[in-house]
Structures are given as structure tokens and as C-alpha cells.
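Colleague:
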Amino acid sequence: MIAEPLNITVSLRGTREARDNYQLFRFTGLLDAFSEPTFRKVIGKCIDEGPRNVILDLSQIDFVDSSGLGALVQLAKQAQSAGGTSQIVTNARVTQTVKLVRLEQFLSLRPSVEVALENIKQS
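For what it's worth, numbering that gives the first Met the number 0 labels the leading residue of the sequence shown as 0, then goes sequentially.
1. With DSSP as the reference, identify every bridge partner of Ser107, one or two as the case may be.
2. Does DSSP put Ile119 in a helix, in a strand, or in coil?
3. Can you tell me which of the three DSSP states Ile87 falls into?
4. Assuming Ile42 contacts Leu74 (C-beta within less than 8 Å), just tell me the rounded distance between them.
5. Taking the DSSP output, what are the residues bridged to Gly28?
6. Between which two residues does the alpha helix (DSSP H) holding Pro36 run?
7. Given that a residue counts as buried once 16 or more other Cβ atoms are within 10 Å of its Cβ, and exposed if not, what is Glu35?
8. With respect to 7 Å, is the separation between the Cβ of Ser10 and the closest non-hydrogen atom of the ligand ATP below this value?
9. Does the beta-carbon distance from Leu55 to Val9 come in below 8 Å?
10. Leaving aside the five residues before and after Gly67 along the sequence, list all residues of the same chain whose C-beta is less than 7 Å from its C-beta, in chain order.
11. I need the DSSP call for Ala2, collapsed to helix, strand or coil.
12. Expressed to the nearest angstrom, what Euclidean distance is found between the alpha-carbon atoms of Phe24 and Gly69?
13. For Ser122, collect the residues of the same chain with a Cβ closer than 7 Å to its Cβ; drop the 5 residues on either side in sequence, then sort them by chain order.
This is the structure in C-alpha cells:
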């Protein structure tokens, strides 16, 4: 499957791969107050269209602020209420930011895309 580019902002770039039972999003750049509204709108629309299981690969993200964390929480809730799951692949920077606000369990942090895919297969 070819990754489809997502037009977010100049500071946040991403791709989307839709499979049978999940969507994989990969991002680079900054998930901050500037990029958050478009990020939330684009990913939210994709969740609505399905599939409902979502993997957000943030392992190449340089920075996440409180706006970005809020968007991640909203998108996780949206996926759950649609009957799907949400998992976030992180790097050390993103993990540290998420742990500061104690959301690591709720946001289902994963060390790699492969681990996230295994969790979808098991559910």
C-alpha cells in the first residue's frame, strides 16, 4: 500500500496508510498550537471514514506541546467511541511529555509500529 501524503502544516508533515482493519499515520515535525487544529481535523475525518483502529507514529516528531496532547486525547476518545482503538508510537521526547501529564496508559504508548500492529491483531 502506498502512503498517501497528508497536508497538515509547514511544520507538521504526515502520511496515511489505510489497511483492512487499521490506519497508520506517520508524522514528522512539530505537533503544537499552530499545527493542532488541522492535525485534529484531518485525523478526525479519517477516523470517521474508517477503519476505526488507528496507529499514530510520532517517533519522528521533534516537539509536542499541551495543544498537541489535547488533540491526541480527543482523537483517542473519538476512535474509542467509534468502536476502534488508538495507539501512539513514540520517541523519548514524546514519551517524556506524555508522562509529565500521566497520560501514557490512556494514550496507549507503544515503542514501535510492529508492537502496535501486534496489539491490533490480538484485539
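Beta carbons are placed, not taken as given, at the ideal position from N, Cα and C, and that holds for glycine.
Modeller: A quick look at the data gives this:
1. Paired residues: none, contrary to the question.
2. helix
3. Residue state for Ile87 is assigned as strand, using DSSP reduced to three classes.
4. 5 Å
5. Leu11 and Ile60
6. Glu35 to Glu48
7. buried
8. By its list of ligands, the structure shown contains no ligand whatsoever, and the ligand ATP lies outside what it can speak to.
9. Their beta carbons are not under 8 Å apart, which means Leu55 does not touch Val9 by this criterion.
10. Around Gly67: Leu30, Asp31 and Glu35.
11. coil
12. 18 Å
13. Thr84
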